[in-house]
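What follows is a set of notes on a single structure, which appears directly below.
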Amino acid sequence: MVRVLEAVHFPMNKTRKNVLPDGVEAVHGMVLGLYAFAYNIGYSDASKKNPNLVRLLSAFCRAAHPDFEFTSIQVNKNYAARPHVDKNNLGNSFIIGLGNYKGGELWAHDDEGDVPVDLTESIRSMLHYRAGVTYRGRTFDINCRWQSFDGNRLHFARPFEGTRYSLVFYTCDRFQQASEGVRRAMCSAGFTFKWSSMRLQDALSAKNEERKRCRDEFETEQKALFREERRREKEELGPCMARTWNKGWGGDCTNPKHADGGDFCQQHLKVWRTHGRVDGPVPEKKRAEMLKWQKIHVGKGMQALLLRELSELSPSQAIGVLHSLVRWELVNSERHQGNAAADLCWSLARELKGKLRNAGRENPEDLALLAMALSSGKIHHEELWLELTTNLEMEMHRMSGSAASQAAYAASKSGHRGIKLYENAGRLLGEEASKLSAMDCAYAAGAFLRGPGSLAEQVVLRGAVGARILELGLPSFDAQALAMVLDALSRAAPSTWGVETLASSVLEEVHGRADELSLDELALVVRSLGYLQPQTPQVLHNVLDHALRAAKDQGGSARTLAMLCQGIAMQPSSLLLDASERLEALLPEVQKALQEKPTAESAAQILWSLSRCTSSSRKGVFAACDEVLVARAAELPASLLVRLAEALAAASRTGVTPSKALINKVSHHLDMKRYDLPPGKLWRAARAFEVLGVPQNISLEERDQPASAKPPRRQGSQKLEPA
176 MVRVLEAVHF
186 PMNKTRKNVL
196 PDGVEAVHGM
206 VLGLYAFAYN
216 IGYSDASKKN
226 PNLVRLLSAF
236 CRAAHPDFEF
246 TSIQVNKNYA
256 ARPHVDKNNL
266 GNSFIIGLGN
276 YKGGELWAHD
286 DEGDVPVDLT
296 ESIRSMLHYR
306 AGVTYRGRTF
316 DINCRWQSFD
326 GNRLHFARPF
336 EGTRYSLVFY
346 TCDRFQQASE
356 GVRRAMCSAG
366 FTFKWSSMRL
376 QDALSAKNEE
386 RKRCRDEFET
396 EQKALFREER
406 RREKEELGPC
416 MARTWNKGWG
426 GDCTNPKHAD
436 GGDFCQQHLK
446 VWRTHGRVDG
456 PVPEKKRAEM
466 LKWQKIHVGK
476 GMQALLLREL
486 SELSPSQAIG
496 VLHSLVRWEL
506 VNSERHQGNA
516 AADLCWSLAR
526 ELKGKLRNAG
536 RENPEDLALL
546 AMALSSGKIH
556 HEELWLELTT
566 NLEMEMHRMS
576 GSAASQAAYA
586 ASKSGHRGIK
596 LYENAGRLLG
606 EEASKLSAMD
616 CAYAAGAFLR
626 GPGSLAEQVV
636 LRGAVGARIL
646 ELGLPSFDAQ
656 ALAMVLDALS
666 RAAPSTWGVE
676 TLASSVLEEV
686 HGRADELSLD
696 ELALVVRSLG
706 YLQPQTPQVL
716 HNVLDHALRA
726 AKDQGGSART
736 LAMLCQGIAM
746 QPSSLLLDAS
756 ERLEALLPEV
766 QKALQEKPTA
776 ESAAQILWSL
786 SRCTSSSRKG
796 VFAACDEVLV
806 ARAAELPASL
816 LVRLAEALAA
826 ASRTGVTPSK
836 ALINKVSHHL
846 DMKRYDLPPG
856 KLWRAARAFE
866 VLGVPQNISL
876 EERDQPASAK
886 PPRRQGSQKL
896 EPA
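Taking my numbering, the leading residue of the sequence shown gets 176, the next gets one more, and so forth.
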């Protein structure tokens, strides 16, 4: 065997940073069989280059341990791994050392062992190993000897002299995610791994339970350390001297003084945020602010918040209040009564700014709750979002799979494109896949199919989330989860692998359960069908029939009806011959909804959709949309303003004349936001203004000219609104 290994070319490996000795940037080694790195799982390139070596080593291990199952073989040459943990291994591993060398023993952590080792660096894995702590273990001579050990526990190789080869046979804990092609390749190469072994399934479940237990212990310990640190800090610095509002100016601030000196804490250093003084009257600015919020709270029935200042709320409490306001649909609604709640949310967002680091340390899942509240409530506080995404990246590994899927979904829905957040979320979802619910899978699909295209396949369609969806089965998904998955698939990049296959399965399930869907869910499905444009008219007509009946029976918000109209208007005539008639049938309900002061986005979507309707009764709806948009056009992003300009031009061709006030508003705000658009997009609006007879309303720069060539799009990928 040694002669065979001497003839093998060992590549330089730089990826296993956790095992590299100090001062070494790369070592000679390779993985044969199944590999897992980041989101990728597959049959290693080294296996394809050395098929005979794979067969020989597989047979070598089976001859010594016929009952041992393994997916992978780590082959190393001449390096002693520093203390590390193989966190992706499942169960026991077998190792053997070969060659002419002295030393190189294996040390493995064992609380009953008699060989102590002082750890010089912290190692965070399923078990948390801390720097400066002495751990007990055992030393094993593996020179030409087989030895079993647990790779999930701390281990390393002693220094050696000579030429040393080490072979490690182990099972990758993500073996369930291996594709059929990978499994066939491994079978052909001589692996006899039993993919459906109940013993391995039990071992995987036990590992996941142990991982959760260790994580809970670590979080409890970290919280205790944080509380103790705050207690010592307050004891050393002394309490803040500010007074707080507590049924009168009588409460003491509970924060310690600022570390840089002075009598006040960080929150009370600035005058405009000061709650009071040790003596003296209430500042006039603070009094006016209190009166303002009293009116808001009384109007909304929030007497509990009247008893305290907003800044007295802890970050966790403030996040809870903000989330409740959004969940109760008091924010981001089409009803004018939501304005006071929206103002309160903005104030809570301002109070949270600068406090998320501590909030994430105490309870990282509060960050996911805040992300969902900001996204669902459309609270576009850019500075808070930036701080939030930074802390989500740092604390993602401490969240549950459910919280991680919601955090990633909210980030992608708000337009965040930083790859690190999605990488961290995808890694955690891979570890927690077996615990994800149907709704968690729907959130994850929405996150990664909306987000960076490179991760959509790795995490969802070919990855752990897709495997979990298949494991749960679409019949187990409720109506909301089905609608969300379909919406996510409709937002995927045109080149994403597997979208059509999964979308077909979801559509088939929706087709059979259309009567279970609410009007909001039906509207989401109809809009998704507008993007996907599936060649299945019977499914489309069935969903539209249910949606129109629900709209007439229940009525709906302008946002819901806008999605319905948009989905109908996006369908080509070849698939939906009666699009105009269906839009006309919705006009009475749309007219009612527009009386409730809808958002500019809803009004713009409805107006755009009306270009497909030929009914004369649309003029009243068009006029109502015109009135809303004149007042609220500033709320629209640049991309939607371009689509609105095109919609106005299309409507003018069919005999409906938009008001000059609206045309001027759209052109004015487009000119103000022109640099929010990618190059080569503004010319579309300029062309629309030419049709409207006001070409002078917008001037084009060199960057605004159309691109010479455009990338191919999947049919139905033209979208009215940003994600």
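Yeah, the Cβ is synthetic: ideal placement off N, Cα and C, and Gly gets one too. Note that the structure is a prediction, hence the values are computed from the model and not measured.
Under a three-way DSSP split, which group does residue i fall into?
i, result
"P539", "coil"
"Q322", "strand"
"L811", "coil"
"Y345", "strand"
"M187", "strand"
"P773", "coil"
"D454", "The predicted model places D454 with a pLDDT of 41, which falls under 50 and marks its position as unreliable, so this point remains unresolved."
"F623", "helix"
"F350", "helix"
"Y254", "coil"
"I873", "coil"
"G365", "coil"
"E568", "helix"
"G513", "With a pLDDT of 45 at G513, under the threshold of 50, the modelled position of that residue is not reliable, and the figure given next carries that caveat. Residue state, collapsed to three classes: helix."
"K767", "helix"
"K553", "coil"
"E336", "strand"
"Q249", "strand"
"D293", "strand"
"N533", "helix"
"K856", "coil"
"K223", "helix"
"W370", "coil"
"M205", "strand"
"P650", "helix"
From residue i to residue j, what distance separates their C-alpha atoms?
i, j, result
"A360", "I594", "32 Å"
"N872", "A861", "8 Å"
"R448", "E776", "For R448, the predicted model reports a pLDDT of 41, less than 50, meaning its position is unreliable and no value from the coordinates is stated."
"K475", "V501", "A caution first: K475 carries a pLDDT of 48, below 50, which makes its placement in the model too unreliable to give a value."
"S371", "D377", "11 Å"
"R358", "S247", "12 Å"
"R859", "V701", "26 Å"
"S297", "R386", "17 Å"
"P812", "S748", "29 Å"
"L682", "L758", "22 Å"
"Q931", "T711", "Limits of the chain in this structure are 176 at one end and 898 at the other, which puts residue 931 out of reach."
"T395", "P763", "57 Å"
"T564", "F401", "22 Å"
"V343", "F315", "14 Å"
"A768", "H556", "28 Å"
"E336", "V194", "19 Å"
Spatial neighbours of residue i within its chain, please: C-beta separation below 6 Å, excluding the five flanking residues on both sides.
i, result
"D541", "S491, I494, A534"
"L497", "C520, L523, A548"
"D285", "G312, R313"
In the DSSP assignment, the beta strand (DSSP E) including residue i goes from what residue to what residue?
i, result
"R237", "R237 -> not in any beta strand (DSSP E); alpha helix (DSSP H) instead, spanning 226-239."
"T395", "Run containing T395: none in the beta strand (DSSP E); it sits in the alpha helix (DSSP H), 373-412."
"S691", "Sequence inspection shows Glu at residue 691; the Ser mentioned does not correspond to that position. Run containing E691: none; DSSP gives neither H nor E here."
"T314", "309-315"
"S268", "264-273"
Kindly indicate the opening and closing residues of the alpha helix (DSSP H) around residue i.
i, result
"H844", "835-847"
"G687", "674-687"
"H716", "712-729"
"L180", "177-182"
"K595", "594-607"
"Y584", "576-588"
"M738", "733-745"
"L195", "First-last for L195: undefined, no H or E at that position."
"H498", "490-502"
Could you pull out every residue in the same chain whose Cβ sits closer than 8 Å to the Cβ of residue i, ignoring the five residues on either side in sequence?
i, result
"R191", "V202, G204"
"R643", "A608, S609, L611, C616"
"P650", "E684"
"C389", "M301, L302, H303"
Tell me which residues share the same chain as residue i and place their Cβ nearer than 7 Å to its Cβ, disregarding the 5 neighbours each side in the sequence.
i, result
"K856", "V817"
Could you check if residue i belongs to the surroundings of the ligand GDP, using beta carbon to heavy atom distance under 7 Å?
i, result
"I554", "Only the bare structure without any ligand can be found here, which leaves the ligand GDP out of the picture."
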